[in-house]
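Shown next, in structure tokens, is the structure this report addresses.
There are 2 protein chains.
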Amino acid sequence: MRQSQLFTKTRKEGPKDEVSKNAELLIRAGFIQKEMAGVYDYLPLGLKVLKKIENIIRQEMSIVGGQEILMTTLQDPEIWQKSGRWDDKIVDNWFKTKLNSGAELGVANTHEEPITNMLLHFIKSYKDLPVYVYQFQTKFRNELRAKSGLMRGREFLMKDLYSFNKTEEDFRKFYESVAEAYMRIFEKVGLGDITFRTLAAGGSFSVGLTDEFQTISNAGEDVIYIDRAKKVAINKEVYNDENISKLGLNKSALEEVKSIEVGNIFPLGTKYSEVLSLTIKDDDGKSKPVVMGSYGIGLGRLMGTVVEVLSDESGIIWPKEIAPFAVHLVRLGVNEKTVSFAEELYSDLRKRGIDVLYDDRDLRPGEKFADSDLIGIPVRFVISDKTVAENKIEVKYRTSKDSELMSADEALKIL
Amino acid sequence: MRQSQLFTKTRKEGPKDEVSKNAELLIRAGFIQKEMAGVYDYLPLGLKVLKKIENIIRQEMSIVGGQEILMTTLQDPEIWQKSGRWDDKIVDNWFKTKLNSGAELGVANTHEEPITNMLLHFIKSYKDLPVYVYQFQTKFRNELRAKSGLMRGREFLMKDLYSFNKTEEDFRKFYESVAEAYMRIFEKVGLGDITFRTLAAGGSFSVGLTDEFQTISNAGEDVIYIDRAKKVAINKEVYNDENISKLGLNKSALEEVKSIEVGNIFPLGTKYSEVLSLTIKDDDGKSKPVVMGSYGIGLGRLMGTVVEVLSDESGIIWPKEIAPFAVHLVRLGVNEKTVSFAEELYSDLRKRGIDVLYDDRDLRPGEKFADSDLIGIPVRFVISDKTVAENKIEVKYRTSKDSELMSADEALKIL
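So the sequence lines, in the order shown, correspond to chains U and F.
For the first sequence, this note's numbering assigns the number 171 to the initial residue and increments by one for each residue that follows.
For the second sequence, this note's numbering assigns the number 171 to the initial residue and increments by one for each residue that follows.
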């Protein structure tokens, strides 16, 4: 895409009321726009990153056997009353709304109840199990404070997966396969090295302990104890001798760090299937409730985390797999030969199916480089009168200070 | 995909409170599930169709120069107060909600105001124009009655495109290019022959007359007068001699039909840009408001319309371009040779990248055919002991009563 056509522009400063680094950089670079605290629009560059993250997750959900659906935002209170989660004193971050008739409705906070209720139509016998369903769906949480940019939204896109098994044993097997899929996802989005599977308290809607996935960052709200070698961690909330030994860890090897929760997986047991009557007839003819689990990843939070941990003083640094473009082609100067060299390369890259942002604007080099660093595409190709004279391209990685002159053929090879 | 793995099942009857044909068929076939009146989940088959429609629209939006974004559901009342559309007496189908602080918020009904407000950050000069932005975003409308299935939802996915031009003339050119793109979209989803560009009243938020796209159907809520030969129509609400002659039509050639509005395009003039101060400095240094337009297609309504007009007494008939699968492979009998023939063909189709639903369930032929007709995949391959004895496949189009025996090679060619 031509940068001259992109309607967004970079800004020198973010909004004054924005205190989080991720939102400030993403707004300045033109990836997102703030509607209100915790509520952000995705602009073209931001939406491209979001879709890449979505596709990485979708691929992994398909590998574990998930079937994709899309549930609704408007929710019927009745099923939430059955589970006891309609009451604002129990769940304190509901958004609620009203039909014109006066009846109250929920605005999706999560989907355990609706999905369990929906499956009453399809799960009758143990032969109908297992069922694994997931969606990319917007969640609404009425947070009192929302100062962490994309990391704690009042409105945010979430991948939520739900599992329905016949036995606890089947559930545990699936739970482990999701844990592995999650690590592959964090790996692919560039957070593999600093993300830890972490033993944690499940919270009121889970059964027993659970696993979180925590990424080391000073911007995080959690404190965890990590074993770097074993790649395992314990959340401070359940940090005790019993759990340390359960994980086979040695207290002296553990390191305290701040971290961001980028994913979680919850054993739900039969809590929701019992109250909503999702039962199966077993082989022996007896009726018993289905064993459930839920598994979440917030896509915006993941994007925000990448920005928090992988940026530098000049701007964002996108990992290749989720970068909005594979290469940033920057033309300097308006010399006819230079322009035609850049135009030809742009057209060649597009023909090869390489996703390229082409800075074809007539601005000073300093402005162009500042924009390019801020936007953070992993590879930059610079075309100037000087490089054209040598029939070369100046190639620079966003993570490196040095650049290298290459022929077009050599430059294409690194993409 | 193996049908034995698909968690949805067909049903003999739809919900008792469902009066619309589209929802009844889609629920019975397992494409959607009703949460409440006008609010439907998309199940795996339904989501596949929805995504195909989305991709067809996205392609056409990109051709007219649209840049994709994603705005938010939660909206700040302040910008709606500026345009006068916050008041429930003016817009009577708002869903509203409240922050924990007590402040009221809007739940997205449409996006003219937020998008105009957002662009204040990016449009300053005539050099920043034109801007064309679109999104696939869920809209919420608090309809008193919602009895038309996917055709009038309280919550529904919409493609909304907004145009920002310097002059009325530039706007008109773009408006025509969108009208052409819309006709290509309706063509591709299988409604081309019966969909008419229709002169209509714009309603309170438009400027002057507008164009709708209306599909002939007795399930429709509109009445239009069509000229079949010229492929042009007039909505009853603006059906008068002046408009008939304006369109160069002859009253005697016009036919009255009922129809479904599948798309609309609105000239907005400077109505929103004025109240929200989206102005540019013109070449002559004077400040003037940007000329706007908005362009909508409801994806669910389009899907519902296809079902209304293209089904028969046995079920749905999907056009090729939006069918959930390209072919329905149905195995009859459990003979070892038959099973292995079917399994091999399934694996071969997948290797070729053909999207196939494979009915590998051990059910009676009658049940399998009834399911297949109900689901409505355009082409069916039947493998039975009889066809395997001849090393053939029984091929049948969903729209035809007759089937034909073909070799595997011949059968593959028709896909």
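Heads up, the beta-carbon is just placed ideally off N, CA and C, and yes, glycines get one too.
This structure is a prediction, so every number in the text was calculated from the model and none was measured.
Of all alpha-carbon atoms in F/E188, F/Q251 and F/V303, the one lying nearest the alpha-carbon of F/A316 is that of F/E188.
Of the residues assessed, U/D211 falls on the buried side of the cut-off, its CB having 16 or more other CB atoms within 10 angstroms.
The straight-line gap separating the alpha-carbon atoms of U/L213 and F/I285 is approximately 11 Å. The shortest CA-to-CA distance from F/A370 to any of F/K416, F/F551, F/A423 and F/G236 is the one to F/K416.
In the three-state reduction of the DSSP assignment, U/N405 falls in the strand class, which pools E and B.
According to DSSP, residue pairing for U/I487 in a beta bridge does not occur. Here the segment 296-303 of chain F makes no contact with the segment 398-416 of chain F; the two share fewer than three CB pairs at distances below 8 Å. Approximately 18 Å separates the beta-carbon atoms of U/L469 and U/I197; this is outside 8 Å, ruling out the contact. In the same chain as F/Y442, and ignoring 5 residues on each side of it, the C-beta atoms closer than 8 Å to its own belong to S253, E282, E283, T286, L448 and M462, in chain order. Only exposed fits F/K451, as fewer than 16 other CB atoms lie within 10 angstroms of its CB. U/K268 carries a strand assignment under DSSP once its states are collapsed to helix, strand and coil. Per DSSP, F/L289 is not a residue of any beta strand (DSSP E); the alpha helix (DSSP H) it occupies stretches across E282 to L289. As a beta-bridge residue in DSSP terms, U/T368 pairs with U/E382 and U/A403. Taking C-alpha positions only, U/K297 is separated from U/N335 by approximately 10 Å.
Per DSSP, the continuous alpha helix (DSSP H) segment holding U/N413 begins and ends at D411 to K416. Only buried fits U/A389, as 16 or more other CB atoms lie within 10 angstroms of its CB.
The C-beta of U/N270 comes closer than 8 Å to at least one C-beta of chain F. For the 8 Å CB-CB criterion, U/T267 and F/V277 form a contact. For F/G474, the closest of F/E205, F/L217, F/K571 and F/G319 by C-alpha to C-alpha distance is F/G319. Measuring C-alpha to C-alpha distances from U/L240 to each of U/V377, U/M328, U/K221 and U/N192 identifies U/M328 as the nearest. Look at F/V348 here: in three-state DSSP terms it is helix.
In the structure shown, U/L533 adopts coil according to DSSP, grouped into three states. Apart from the 5 residues on each side of it in sequence, U/E338 sits with its Cβ closer than 6 Å to the Cβ of V461 in its chain, given in chain order.
In the three-state scheme derived from DSSP, where H, G and I count as helix and E and B as strand, F/T449 is classed as strand.
For the segment 320-345 of chain F, the set of positions with a beta-carbon nearer than 8 Å to some beta-carbon of chain U reads R324 and E325 in chain order.
For U/Q229, the uninterrupted alpha helix (DSSP H) run begins and ends at P214 to I233, by DSSP. With a threshold of 16 other beta carbon atoms within 10 Å, U/G208 meets it and is buried. Listed along chain U, no residue sits closer than 9 Å to F/M231 by beta-carbon distance, the nearest being about 12 Å off.
When 7 Å is used as the limit between beta carbons, U/F383 is near no residue of chain F, the shortest such separation being about 25 Å. If you draw a straight line from the Cα of F/R367 to the Cα of F/E313, it is about 26 Å long. Counted as a single uninterrupted DSSP element, the beta strand (DSSP E) harbouring F/Y332 occupies residues E325 to N335. The beta carbon of F/V479 is closer than 6 Å to those of S387 in its chain, skipping five residues each way along the sequence.
The contact set of F/Y212 on chain U, defined by CB atoms closer than 7 Å, consists of I239 and L240 in chain order. Within chain U, the residues whose beta carbon sits less than 7 Å from that of F/D246 are E205 and M206, listed in sequence order.
Just measuring C-alpha positions, the residue of U/G378, U/E350 and U/H291 sitting nearest U/V402 is U/E350. Assigned with DSSP and collapsed to three states, F/S443 falls in helix.
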